[in-house]
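Q: So the protein sequences, as listed, match chains F and B. Numbering of the first sequence is given in this note's numbering, commencing with residue 145 and proceeding in unit increments. Numbering of the second sequence is given in this note's numbering, commencing with residue 10 and proceeding in unit increments. Each residue gets a CB set at the ideal place from its N, CA and C atoms; glycine is no exception.
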Amino acid sequence: MRSLMDRSIDLGAIDYVILITYFVFVLGIGFALKRATKTSTDFFLSGRSIPAWITGLAFISANLGAQEVIGMAASGAKYGIATSHFYWIGAIPAMVFVGIFMMPFYYGSKARSVPEYLKLRFDEKTRGLNAISFATMTVFSSGVSMYAMGLLMKSLLGWNFWASVLASGVIVLLYIYLGGLTSAIYNEVLQFFLIVFGFAPVVYIGLRDAGGWSGLTQRLATTATDRGFAEGAWTQSWQHLHSASANPMGVEWFGMVMGLGFVLSFGYWCTDFLVVQRAMAAESMSAARRTPLIAAIPKMFFPFLVILPGMIAVAMHGDNSFLPSKPDGTLDYDASIPMMLKHYVPSGLLGLGLTALMASFMSGMAGNVTAFNTVITYDIYQSYVRPKQSDEHYLRVGRAATIGGILLSIGAAAFATMFNNIMDVLQLVFAFVNAPLFATFLLGMFWRRATGHGAFTGLLSGTVAAAIHHGLTRPEGAATLIKGGWLGSTLHTYPSEMAQNFWTAIFAWTTCFLTTIVVSMLTRPNKTDEELRGLVYALTPRPREEGVPVWKQPAALALVVLAITLVLNILFW
Amino acid sequence: MRLDVRTPIGLMFAIIGVLLVVYGLVSDPEIYERSLGLNVNLWWGFVLVVFGSVMLALAWRSGRTKPPVVPAPAAPAELTQEGERLPPSEF
Chain F
145 MRSLMDRSID LGAIDYVILI TYFVFVLGIG FALKRATKTS TDFFLSGRSI
195 PAWITGLAFI SANLGAQEVI GMAASGAKYG IATSHFYWIG AIPAMVFVGI
245 FMMPFYYGSK ARSVPEYLKL RFDEKTRGLN AISFATMTVF SSGVSMYAMG
295 LLMKSLLGWN FWASVLASGV IVLLYIYLGG LTSAIYNEVL QFFLIVFGFA
345 PVVYIGLRDA GGWSGLTQRL ATTATDRGFA EGAWTQSWQH LHSASANPMG
395 VEWFGMVMGL GFVLSFGYWC TDFLVVQRAM AAESMSAARR TPLIAAIPKM
445 FFPFLVILPG MIAVAMHGDN SFLPSKPDGT LDYDASIPMM LKHYVPSGLL
495 GLGLTALMAS FMSGMAGNVT AFNTVITYDI YQSYVRPKQS DEHYLRVGRA
545 ATIGGILLSI GAAAFATMFN NIMDVLQLVF AFVNAPLFAT FLLGMFWRRA
595 TGHGAFTGLL SGTVAAAIHH GLTRPEGAAT LIKGGWLGST LHTYPSEMAQ
645 NFWTAIFAWT TCFLTTIVVS MLTRPNKTDE ELRGLVYALT PRPREEGVPV
695 WKQPAALALV VLAITLVLNI LFW
Chain B
10 MRLDVRTPIG LMFAIIGVLL VVYGLVSDPE IYERSLGLNV NLWWGFVLVV
60 FGSVMLALAW RSGRTKPPVV PAPAAPAELT QEGERLPPSE F
């Protein structure tokens with residue numbers, strides 16, 4: 145008998161037909177939108193004309209790259225339902241915050257990108273720092289996405305690595321080149337539904353096989369006790385957070401709430417142009433504010449779609465036949481989703497599931513590429529290379545930047561095949577750059593006295609603080625320099641890598657926050673109140689929502705979202 | 010007028026749904042052993058056909074009831090909700 149742990153999946157003709165149907169539609173959308181893409185605003189901002197439900201779905205979809213899907217399932221297997229903190233204490237509150245409090249400044253300021261907001265609010269150097277680090281980061285993330293896809297397609301389907309990388313690159317290039325951001329957003333909405341419809345039946349069958357939630361709880365109790373934790377460690381999200389040693393994540397509640405919830409999640413959802421760009425494309429201020437809130441509604445149920453499969457996979461692994469092992473003998477949790485597909489769905493739905501996976505890889509790339517071409521064109525080319533050109537000129541530059549972005553991503557993917565560790569190092573460096581960013585925005589938007597020099601030094605010192613903290617600590621059991629401790633002596637050992645990451649973020653944020661305040665107090669304000677109108681809370685009229693039905697009002701939506709999130713937290717306490 | 014995103018979504022899911030239904034009817038029942046005996050292709054195909062048709066119907070209805078409008082002007086100048094009361098350009 146061929147071992148069940150074999151990773152390869154055999155596709156039938158029907159599976160290829162479904163996959164090809166999807167590709168036809170992806171490209172079709174690009175071609176259909178080509179005519180409507182005439183100005184640079186159309187290309188980079190979708191002409192600010194998209195209804196909120198579409199930008200909302202694109203808002204979550206842009207983030208729902210395959211690393212997210214595969215990584216969340218892997219964490220579900222490794223850490224259980226506690227992974228849902230990434231959603232229920234992390235993403236959702238942050239999305240509510242960005243919609244209610246920050247969107248008025250992003251959308252109202254008419255900034256075309258997040259770095260441009262920084263220029264309007266602070267100064268040129270703060271924008272430059274953010275634009276360059278962001279552009280570099282997007283290229284590498286999109287490259288990692290390609291790399292991961294090539295590897296997966298090779299191990300599952302036996303496809304050639306470079307053929308998958310190049311084919312996906314060409315498809316993404318075509319549809320963005322033709323239809324710009326609108327094309328990316330439309331495809332993200334398509335991908336959203338594909339993921340829901342592709343994974344839902346797999347989860348349903350898997351859960352049935354495990355004996356429903358109660359059956360799953362029983363099986364996972366064994367999983368937990370086998371690994372030396374309390375029975376509920378995999379199925380209760382808060383009860384085991386009282387101390388780091390009581391849960392498989394190795395994180396205690398403070399690190400969780402402050403590190404993941406406050407610094408990392410707010411930092412990502414509130415300042416990352418990749419997602420904010422989707423809201424900026426909305427048709428009105430109200431639609432822009434509703435974008436993250438509408439996104440939050442499906443987002444809070446995503447744990448059932450992406451974390452649950454991992455939990456089922458590890459629970460069903462009881463007889464050691466579900467998950468494959470890595471060369472070093474440890475379980476390959478990243479294989480959770482592919483193995484769920486392999487075990488539970490026949491040809492037909494298998495094609496749909498793989499198409500969903502492929503779609504998430506491609507939209508992960510596309511999200512990065514659309515953010516990249518905008519920042520390159522507006523924040524780098526128009527600002528530093530050739531200002532004051534015609535709109536057609538910038539549209540052409542945007543299209544060229546799209547090609548450049550794809551080529552650089554392919555280069556980054558090639559880089560990853562040669563030096564996998566170097567990619568890890570780069571990811572780490574970007575984490576240092578990103579961790580303090582939310583402090584800069586918080587002060588920028590809510591404290592009018594914050595100055596350009598303050599923001600710039602704050603950002604730099606926050607990044608340095610992150611690096612120093614990482615250099616002086618290490619996670620338990622890890623030896624390599626990439627994991628920390630590279631400054632020689634180790635001052636503190638964290639129970640897990642995740643705990644170390646959360647605390648690195650907390651240190652970076654606090655340093656940036658304090659430095660920005662101190663330096664701002666010591667320097668003169670570089671913007672007049674008039675210049676700050678629409679950029680800072682105290683100097684901006686509250687957005688009025690008169691004449692908008694209650695159910696469409698951001699505040700009402702926010703309350704509903706928070707209430708449901710609270711219920712979910714309590715249900716899985 | 011720009012493409013209504015519900016059209017391609019509806020069309021694609023309707024087509025995939027029909028493909029799955031047909032495949033569910035003609036495929037060897039043995040392949041459903043792994044899905045616990047459920048003919049998931051048939052059932053899920055139906056769901057996709059219904060979803061696709063609803064999307065198409067919504068797109069078709071909004072295309073008919075709303076006359077084609079000139080795309081709304083770029084963002085409203087001040088922080089009010091004026092954009093809200095204008096008929097959205099394509100829905």
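Would F:Ala217 be called buried (16 or more neighbouring beta carbons within 10 Å of its own) or exposed?
A: Within the first sequence, numbered from 1, the residue matching residue 217 of chain F stands at position 73. The residue is buried, with at least 16 neighbouring Cβ atoms inside 10 Å.
Q: CB F:Pro490 to CB B:Arg15, shorter than 9 Å?
A: Here residue 490 of chain F is taken as the residue at index 346 of the first sequence, counted from 1. Here residue 15 of chain B is taken as the residue at index 6 of the second sequence, counted from 1. Contact flag unset, no.
Q: Rounded to whole angstroms, what's the CA-CA distance from F:Cys414 to F:Leu625? Just pull it up for me.
A: The residue given as residue 414 of chain F occupies position 270 in the first sequence. The residue given as residue 625 of chain F occupies position 481 in the first sequence. When rounded, the distance between both Cα atoms is 31 Å.
Q: Leaving out five residues on either side along the sequence, give the residues of the same chain with a beta carbon under 8 Å from the beta carbon of F:Thr684.
A: Walking along the first sequence from the start, residue 684 of chain F turns up at place 540. Taken in chain order, the residues that qualify are Pro248, Phe249, Gly252, Arg677, Gly678.
Q: Measure the C-alpha to C-alpha separation of F:Val419 and F:Gly606 and round it to an integer number of angstroms.
A: In the first sequence, counting from the first residue as 1, residue 419 of chain F sits at position 275. In the first sequence, counting from the first residue as 1, residue 606 of chain F sits at position 462. Their Cα atoms are separated by approximately 23 Å.
Q: Per the contact definition of three or more C-beta pairs closer than 8 Å, is the region 431-447 of chain F in contact with the region 298-310 of chain F?
A: No, they do not touch.
Q: Determine which residues share a DSSP beta bridge with F:His636 and list them.
A: Taking the first sequence and counting its residues from 1, one reaches residue 636 of chain F at position 492. According to DSSP, which records beta bridges pairwise, F:His636 is partnered with F:Thr617.
Q: For F:Tyr538 versus F:Tyr522, is the C-beta distance shorter than 9 Å?
A: By 1-based counting over the first sequence, the position of residue 538 of chain F is 394. By 1-based counting over the first sequence, the position of residue 522 of chain F is 378. Their beta carbons are under 9 Å apart, which means F:Tyr538 touches F:Tyr522 by this criterion.
Q: How many Å lie between F:Phe398 and F:Leu631 at the Cα?
A: Within the first sequence, residue 398 of chain F is the residue found at index 254, counting from 1. Within the first sequence, residue 631 of chain F is the residue found at index 487, counting from 1. Computed Cα separation, rounded: 26 Å.
Q: Taking DSSP's pairing of strands, which residues face F:Leu467 in a bridge?
A: On the first sequence, position 323 is the one that residue 467 of chain F refers to. Its beta-bridge partners do not exist; DSSP assigns none.
Q: Indicate whether at least one CB of chain B lies closer than 9 Å to the CB of F:Gly632.
A: Counting from one through the first sequence, the residue named residue 632 of chain F turns up at place 488. Taking Cβ atoms only, chain B never reaches closer than 9 Å to F:Gly632, which makes this a no.
Q: For B:Pro38, is the classification buried or exposed, using 16 other Cβ atoms within 10 angstroms of its Cβ as the cut-off for buried?
A: As a position in the second sequence, residue 38 of chain B is number 29, starting the count at 1. Under this definition B:Pro38 is an exposed residue.
Q: Under DSSP, the alpha helix (DSSP H) around F:Gly691 begins and ends at which residues?
A: The residue labelled residue 691 of chain F in the question sits at position 547 within the first sequence. Segment: none, F:Gly691 is in no alpha helix (DSSP H) and carries neither H nor E.
Q: Alpha carbon to alpha carbon, what distance is there between B:Ala68 and B:Glu99?
A: Here residue 99 of chain B refers to the residue found at position 90 of the second sequence. Here residue 68 of chain B refers to the residue found at position 59 of the second sequence. Summary for B:Glu99: the model assigns pLDDT 34, below 50, so the residue's position carries little reliability; its value from the coordinates is reported in the next sentence. About 9 Å.
Q: For F:Phe576, which option in F:Ala423, F:Ala503, F:Cys656, F:Met562 has the closest C-alpha, if you only look at C-alpha atoms?
A: Taking the first sequence and counting its residues from 1, one reaches residue 576 of chain F at position 432. Measuring from the Cα of F:Phe576, the nearest candidate turns out to be F:Cys656.
Q: Am I right that F:Arg422 and F:Ala206 are in contact with their C-beta atoms under 8 Å? What's the rounded C-beta distance?
A: Indexing the first sequence from 1 puts residue 422 of chain F at position 278. Indexing the first sequence from 1 puts residue 206 of chain F at position 62. About 6 Å separates the two Cβ atoms, so the contact holds.
Q: Assuming F:Thr584 and F:Leu603 are in contact, meaning their beta carbons sit under 8 Å apart, how far apart are those beta carbons, in whole angstroms?
A: Counting from one through the first sequence, the residue named residue 584 of chain F turns up at place 440. Counting from one through the first sequence, the residue named residue 603 of chain F turns up at place 459. Correct: roughly 6 Å between the Cβ atoms.
Q: Quick check on DSSP: helix, strand or coil for F:Ala622?
A: Mapped onto the first sequence, residue 622 of chain F falls at position 478. Of the three classes helix, strand and coil, the one that applies to F:Ala622 here is coil, per DSSP.
Q: Looking at chain B, is there any beta carbon in it that lies within less than 9 Å of the beta carbon of F:Ser465?
A: As a working note, residue 465 of chain F is residue 321 in the first sequence. No, no contact with chain B.
Q: When Cβ atoms are compared, which residues of the region 21-35 of chain B fall closer than 8 Å to chain F?
A: Listed in sequence order: Met21, Phe22, Ile24, Ile25, Leu28, Leu29, Tyr32, Gly33.
Q: Got a sec, what are the start and stop residues for the alpha helix (DSSP H) F:Val316 sits in?
A: Here the question's residue 316 of chain F lines up with position 172 in the first sequence. Per DSSP, F:Val316 belongs to the alpha helix (DSSP H) from 305-354.
Q: Figure out for me which residue from F:Leu715, F:Phe574, F:Ser664, F:Thr518 has the closest Cα to the Cα of F:Ala328.
A: Taking the first residue of the first sequence as position 1, residue 328 of chain F is located at position 184. The candidate whose alpha carbon is nearest that of F:Ala328 is F:Thr518.
Q: Here's a check: name, in chain order, each residue in its chain whose Cβ is nearer than 7 Å to the Cβ of F:Val333, leaving out the five neighbours to either side.
A: Numbered from its first residue, the first sequence carries residue 333 of chain F at position 189. Ile198, Leu201, Ala202, Ser205.
Q: Considering only C-alpha positions, which residue in the set F:Arg151, F:Phe167, F:Ile244 is nearest to F:Gln697?
A: The sequence position of residue 697 of chain F within the first sequence is 553, counting from 1. Checked all of F:Arg151, F:Phe167, F:Ile244; the closest Cα to F:Gln697 is F:Ile244.
Q: Would you list the one or two residues that DSSP bridges to F:Ala545?
A: Taking the first sequence and counting its residues from 1, one reaches residue 545 of chain F at position 401. Paired residues: none, contrary to the question.
Q: Do the region 696-715 of chain F and the region 26-38 of chain B touch if we need at least three Cβ pairs shorter than 8 Å?
A: The region 696-715 of chain F is not in contact with the region 26-38 of chain B.
Q: Check whether chain F comes within 9 Å of B:Ser2, counting only Cβ atoms and requiring the distance to be less than that.
A: Residue 2 of chain B lies beyond the stretch modelled for chain B, which goes from 10 to 100, so this question has no answer here.
Q: Using the C-alpha atoms, what's the distance from B:Tyr32 back to F:Trp717?
A: As a first step, residue 717 of chain F is located in the first sequence; it is residue number 573 there, counting from the start. As a first step, residue 32 of chain B is located in the second sequence; it is residue number 23 there, counting from the start. If you take the alpha carbons of F:Trp717 and B:Tyr32, they lie about 42 Å apart.
Q: What is the residue span of the alpha helix (DSSP H) that F:His384 lies within?
A: Against the first sequence, residue 384 of chain F aligns to sequence position 240. Counting along the chain, F:His384 falls outside any alpha helix (DSSP H), and DSSP gives it neither H nor E.
Q: For the region 169-189 of chain F against the region 539-546 of chain F, are there 3 or more C-beta pairs whose distance is under 8 Å?
A: Contact between the region 169-189 of chain F and the region 539-546 of chain F is present, because at least three Cβ pairs lie under 8 Å.
Q: So what does B:Ile18 bridge to, in DSSP terms?
A: The residue you call residue 18 of chain B lines up with position 9 of the second sequence. Answer is none; B:Ile18 lacks a bridge partner.
Q: Just how far apart, CA to CA, sit F:Ala622 and F:His613?
A: Residue 622 of chain F sits at position 478 when you count from the first residue of the first sequence. Residue 613 of chain F sits at position 469 when you count from the first residue of the first sequence. Spanning the two alpha carbons is a distance of roughly 16 Å.
Q: Give me the Cβ distance between F:Gly234 and F:Gly405, rounded to the nearest whole Å; I'm assuming they're in contact under 8 Å.
A: The residue labelled residue 234 of chain F in the question sits at position 90 within the first sequence. The residue labelled residue 405 of chain F in the question sits at position 261 within the first sequence. Yes, F:Gly234 and F:Gly405 are in contact; Cβ-Cβ is about 5 Å, under 8 Å.
Q: In whole angstroms, what separates the C-alpha of F:Trp357 from that of F:Pro687?
A: Taking the first residue of the first sequence as position 1, residue 357 of chain F is located at position 213. Taking the first residue of the first sequence as position 1, residue 687 of chain F is located at position 543. The straight-line gap from Cα to Cα measures roughly 44 Å.
Q: Cα separation between F:Val242 and F:Leu155?
A: Sequence index remark: in the first sequence, residue 242 of chain F carries index 98 (1-based). Sequence index remark: in the first sequence, residue 155 of chain F carries index 11 (1-based). About 43 Å.
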